[in-house]
């Protein structure tokens with residue numbers, strides 16, 4: 002039979018590239034966020050996703066991330082000693098990918114690295130839209146850190162990079178407000194971080210983390226899981242735990258994460274308080290072990306001085322663990338949904354919030370259910386990927 006009418010139009014894939022300084026697992030949240038966002042985008046129909054970063058000996062293991070096998074990961078040569086400042090080799094690599102892979106939109110993650118500035122400039126030169134994701138680096142607190150160096154950097158091209166961005170990708174309402182207050186006049190799109198449904202479906206069976214750590218016995222524990230860095234407030238949690246331990250002789254504290262300068266001081270703090278037998282520093286936890294630790298915890302606590310979006314908070318809520326977080330975590334949805342308590346970054350109110358959860362199992366259970374519902378509705382990577390793809394389509398006119 003002869004076909005009538007016009008042939009079906011086949012849409013070419015949308016081609017995206019994410020630029021980040023490295024995928025080093027020790028670098029905290031951004032590499033985790035970028036790889037999961039990119040993988041979720043790669044799982045969308047008609048979408049081809051690339052990542053460009055400098056090589057690392059400790060790149061994240063992506064084997065358990067859905068659709069990560071569809072990613073195209075490229076490493077820019079480190080070149081000479083000035084490459085981290087100029088980003089020239091990275092920009093040249095991007096140029097080749099634009100030419101050979103037909104990249105249509107460039108998303109840049111971070112702010113103050115040479116490759117971010119250089120790749121943004123190269124994308125502009127090639128007429129491609131750029132989406133800049135500061136990951137909290139334009140927040141007021143972040144701008145006060147190394148203030149003089151950042152002023153010099155802004156004068157040497159970074160201010161132009163910000164102003165020329167086709168859009169800003171904010172990971173929270175708080176960060177969007179910060180970007181606007183900074184003075185950016187373009188489009189600011191709030192696209193939060195997320196949790197991969199496959200990582201939390203089904204919720205881990207209780208007891209798996211305890212089985213791997215028999216020293217915990219059947220005692221309830223508070224979980225801190227983040228970088229051991231002064232900004233994360235581990236010392237404040239230590240003081241709060243002293244108060245909690247006086248009220249509850251069975252409670253323990255599990256501290257998980259890579260050391261960024263706070264571990265030695267925290268261990269001394271614990272020794273002075275005589276709580277060594279009740280505090281367990283277990284090092285970094287990744288993948289299933291992380292979610293198992295969250296699942297077995299009586300509550301999760303993060304008393305950060307500053308967060309733009311605490312992905313680890315969403316992960317804890319996803320497995321039905323009630324959370325206690327500081328105001329500096331900038332996660333108002335915790336309080337709005339009833340998934341936990343937002344408190345001042347001080348030992349006494351943190352201890353009171355933890356004790357309230359420990360003393361009322363029914364309330365804690367309800368908090369956990371509300372947190373999981375919140376994450377399922379608003380903070381999963383497939384939904385985040387779809388929202389980001391709509392932004393790209395607007396920018397490239399697809």
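Residue numbers (our numbering): 2 to 399. Glycine is no exception: its CB is placed at the ideal position from the N, C-alpha and C atoms. Bear in mind the structure is a predicted one, so any value in this text is a computation, not a measurement.
message = I'd like to confirm the pairing. Which residues does DSSP put opposite residue 225 in its beta bridges?
response = In the chain shown, residue 225 corresponds to position 224, counting from 1. For residue 225, which the question treats as bridged, DSSP gives the partners 256.
query = How many angstroms separate the CA atom of residue 204 from the CA atom of residue 295?
reply = Position 203 of the chain shown, counting from 1, holds the residue named residue 204. Position 294 of the chain shown, counting from 1, holds the residue named residue 295. Straight-line Cα distance between these residues: approximately 10 Å.
query = Does the distance from the C-beta atom of residue 305 to that of residue 232 stay below 9 Å?
reply = Residue numbering aside, residue 305 sits at position 304 when the chain shown is read from its first letter. Residue numbering aside, residue 232 sits at position 231 when the chain shown is read from its first letter. Yes, they are a contact pair.
request  = My understanding is that residue 259 touches residue 238, with C-beta atoms under 8 Å, so please give their C-beta distance in whole angstroms.
outcome  = Locating residue 259 in the chain shown gives position 258, where the first residue counts as 1. Locating residue 238 in the chain shown gives position 237, where the first residue counts as 1. Residue 259 to residue 238, Cβ: 17 Å. No contact.
request  = Have a look at residue 394 and residue 365 and give me their C-alpha separation to the nearest angstrom.
outcome  = Counting from 1 along the chain shown, the entry for residue 394 is found at position 393. Counting from 1 along the chain shown, the entry for residue 365 is found at position 364. Those two C-alpha atoms are separated by around 42 Å.
query = Per DSSP, which one or two residues make a beta bridge with residue 376?
reply = The count along the chain shown starts at 1 and reaches residue 376 at position 375. BP columns for residue 376 are empty, so no partner.
query = Leaving out the 5 sequence neighbours to the left and right, which residues in its chain are closer than 8 Å to residue 263 when beta-carbon positions are compared?
reply = Here residue 263 corresponds to residue number 262 of the chain shown, with the count starting at 1. So the list reads 229, 230, 231, 233, 235, 236, once near-sequence residues are dropped.
Among 78, 27, 66, the one whose alpha carbon lies nearest that of residue 60 = Indexing the chain shown from 1 puts residue 60 at position 59. Nearest C-alpha to residue 60: 27.
Nearest-angstrom Cα separation, counted from residue 22 out to residue 82 = As a first step, residue 82 must be located in the chain shown, where it is residue number 81. As a first step, residue 22 must be located in the chain shown, where it is residue number 21. Looking at the two C-alpha atoms, the distance is approximately 15 Å.
task = Would you check if the distance between the CB atom of residue 292 and the CB atom of residue 224 is smaller than 9 Å?
result = Here the question's residue 292 lines up with position 291 in the chain shown. Here the question's residue 224 lines up with position 223 in the chain shown. Contact: no.
inquiry  = For the structure I just gave you, are there three or more beta carbon pairs, one from the segment 190-209 and one from the segment 146-155, closer than 8 Å?
reply    = no
query = How long is the line joining the alpha carbons of residue 254 and residue 102, rounded to whole angstroms?
reply = To locate residue 254, count along the chain shown from 1; it is residue 253. To locate residue 102, count along the chain shown from 1; it is residue 101. Whole-angstrom Cα-Cα distance: 49 Å.
ask   = Leaving out five residues before and five after residue 281 in sequence, what residues of the same chain have Cβ atoms less than 6 Å from its Cβ?
value = As a first step, residue 281 is located in the chain shown; it is residue number 280 there, counting from the start. For residue 281, where only same-chain residues beyond five positions count, the Cβ hits under 6 Å are 255.
ask   = DSSP state of residue 53, grouped into three classes?
value = Position 52 of the chain shown holds residue 53. Strand at residue 53.
request  = Check the DSSP bridge columns for residue 327 and list the partner residues they point to.
outcome  = Translated into positions along the chain shown, residue 327 becomes position 326. For residue 327, which the question treats as bridged, DSSP gives the partners 344.
query = What number of angstroms, rounded off, separates the C-alpha of residue 86 from the C-alpha of residue 69?
reply = Numbered from 1 along the chain shown, position 85 holds the residue referred to as residue 86. Numbered from 1 along the chain shown, position 68 holds the residue referred to as residue 69. About 30 Å.
request  = Please classify residue 137: is it buried, with 16 or more other beta-carbons within 10 angstroms of its beta-carbon, or exposed?
outcome  = Along the chain shown, one-based indexing puts residue 137 at 136. When all chains shown are included, residue 137 counts as buried.
Alpha-carbon spacing of residue 392 relative to residue 133, whole angstroms = Reading the chain shown from its first residue, position 391 is the one you call residue 392. Reading the chain shown from its first residue, position 132 is the one you call residue 133. So the two alpha carbons sit approximately 12 Å from each other.
Straight-line gap, residue 311 to residue 187 (C-alpha atoms, nearest Å) = As a position in the chain shown, residue 311 is number 310, starting the count at 1. As a position in the chain shown, residue 187 is number 186, starting the count at 1. Taking the straight line from one Cα to the other gives about 25 Å.
query = Can you list, in chain order, the residues of its chain whose CB lies under 7 Å from that of residue 346, leaving out five sequence neighbours each side?
reply = Against the chain shown, residue 346 aligns to sequence position 345. Taken in chain order, the residues that qualify are 234, 237, 304, 306, 327, 328, 329.
ask   = Roughly how many whole angstroms lie between the Cα atoms of residue 181 and residue 65?
value = Position 180 of the chain shown, counted from the start, is the residue given in the question as residue 181. Position 64 of the chain shown, counted from the start, is the residue given in the question as residue 65. Roughly 37 Å separates the two Cα atoms.
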